[in-house]
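Colleague: I'd like to ask you about the structure that follows.
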Amino acid sequence: MASTQDSDEKRQLGGELIIPVLALGFTLYYIATVVDSPWSAQLNAFMVGSVLILLVLIFFAVAARALWRGEASLGMSNLIEPYHILPKRLGFIALSLGYLIVIQWLGFTLTTFVFMAASMLLLGGGRRPILCLVSATIMAAVALVVFVILFQKRFPKGPVEYLVQALS
Numbered sequence: 003m004a005s006t007q008d009s010d011e012k013r014q015l016g017g018e019l020i021i022p023v024l025a026l027g028f029t030l031y032y033i034a035t036v037v038d039s040p041w042s043a044q045l046n047a048f049m050v051g052s053v054l055i056l057l058v059l060i061f062f063a064v065a066a067r068a069l070w071r072g073e074a075s076l077g078m079s080n081l082i083e084p085y086h087i088l089p090k091r092l093g094f095i096a097l098s099l100g101y102l103i104v105i106q107w108l109g110f111t112l113t114t115f116v117f118m119a120a121s122m123l124l125l126g127g128g129r130r131p132i133l134c135l136v137s138a139t140i141m142a143a144v145a146l147v148v149f150v151i152l153f154q155k156r157f158p159k160g161p162v163e164y165l166v167q168a169l170s
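According to the working numbering, the sequence shown is numbered sequentially starting from 3.
Here is the structure:
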């Protein structure tokens, strides 16, 4: 079975560290900005932030262990390799940017649903479309309940948020 890397070539961790480093920075920034906010925002920041920080620290520990053992390097050439998945990566970047642009018109819940469904379909190669749609529906519904209804976050409103507001 062929591998994308030769067996004597070290695993490159540099590219894999980008998202955890950014996630850690964003989480610390978010926690710092809610210090003077209502308790619900502080609780949200603490719950979500502490889980994310814990996961990032575990990832860093595993990466440090691989580096220390000589099994990995901080190389980054794997960011664009393998080339056959580059279109999916670029598509995901486009979906992410589209999310930021469209959320003002479609609202938080509907945009989150579309983004999650489209992302799963794109990254999964279109396999299991029903599972992707059901999963996206569940994730968007949980986000609606937790962030919009329970924590009353002021995300952009769209048809779903206005419907929930009218029903309550």
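No residue lacks a Cβ here, since even glycine has one placed at the ideal position from N, Cα and C. The structure displayed is predicted, hence computed values, not measured ones.
Can you give me the C-alpha to C-alpha distance between Val144 and Tyr164, rounded to a whole angstrom?
Modeller: Their backbone Cα atoms lie some 17 angstroms apart in a straight line.
Colleague: Between the alpha carbons of Leu123 and Glu18, how many angstroms are there, rounded?
Modeller: One C-alpha to the other measures close to 23 angstroms.
Colleague: Let's test the definition: count the other Cβ atoms within 10 Å of the Cβ of Ile20 and tell me whether it reaches 16, buried, or not, exposed.
Modeller: Looking at its Cβ environment, which holds fewer than 16 other Cβ atoms inside 10 Å, Ile20 is exposed.
Colleague: Give the secondary structure of Gln154 by DSSP, where H, G and I count as helix, E and B as strand, and everything else as coil.
Modeller: It is coil, neither helix nor strand.
Colleague: Under DSSP, the alpha helix (DSSP H) around Asn46 begins and ends at which residues?
Modeller: Looking at the DSSP string, the run of the alpha helix (DSSP H) that includes Asn46 is Trp41 to Trp70.
Colleague: For Phe153, count the other beta carbons within 10 Å of its own beta carbon; 16 or more makes it buried, fewer makes it exposed. Which is it?
Modeller: Flag for Phe153 reads exposed.
Colleague: Can you give me the Cβ contacts of Leu81 inside the same chain, cut-off strictly under 6 angstroms, excluding the 5 residues immediately before and after it?
Modeller: Cβ within range, chain order: Gly17.
Colleague: Measuring CB atoms only, is the stretch 101-111 touching the stretch 36-48, in the sense that at least three cross pairs come out at less than 8 angstroms?
Modeller: As far as the Cβ criterion goes, the stretch 101-111 does not touch the stretch 36-48, which means the pair count is below three.
Colleague: Apart from the five residues on each side of it in sequence, which residues of its chain come closer than 6 angstroms, Cβ to Cβ, to Ala96?
Modeller: Contacts found: none.
Colleague: Assuming contact is defined by CB atoms lying nearer than 7 angstroms, are Leu26 and Val58 in contact in what I supplied?
Modeller: The answer is yes: Cβ separation under 7 angstroms.
Colleague: Quick one: residues in its chain with C-beta nearer than 8 angstroms to the C-beta of Leu69, no 5 flanking neighbours on either side, listed in chain order?
Modeller: Same-chain partners within the cutoff: Leu15, Ser75 and Leu76.
Colleague: Go ahead and pull the three-state DSSP assignment for Arg130.
Modeller: If DSSP states are grouped into helix, strand and coil, Arg130 belongs with coil.
Colleague: Between the stretch 42-54 and the stretch 107-116, do at least 3 Cβ pairs fall closer than 8 angstroms?
Modeller: Counting Cβ pairs under 8 angstroms, fewer than three are found: no touch.
Colleague: With burial defined as no fewer than 16 other Cβ atoms inside 10 Å of the residue's Cβ, what is the status of Leu92: buried or exposed?
Modeller: It is exposed - the Cβ of Leu92 has fewer than 16 other Cβ atoms within 10 Å.
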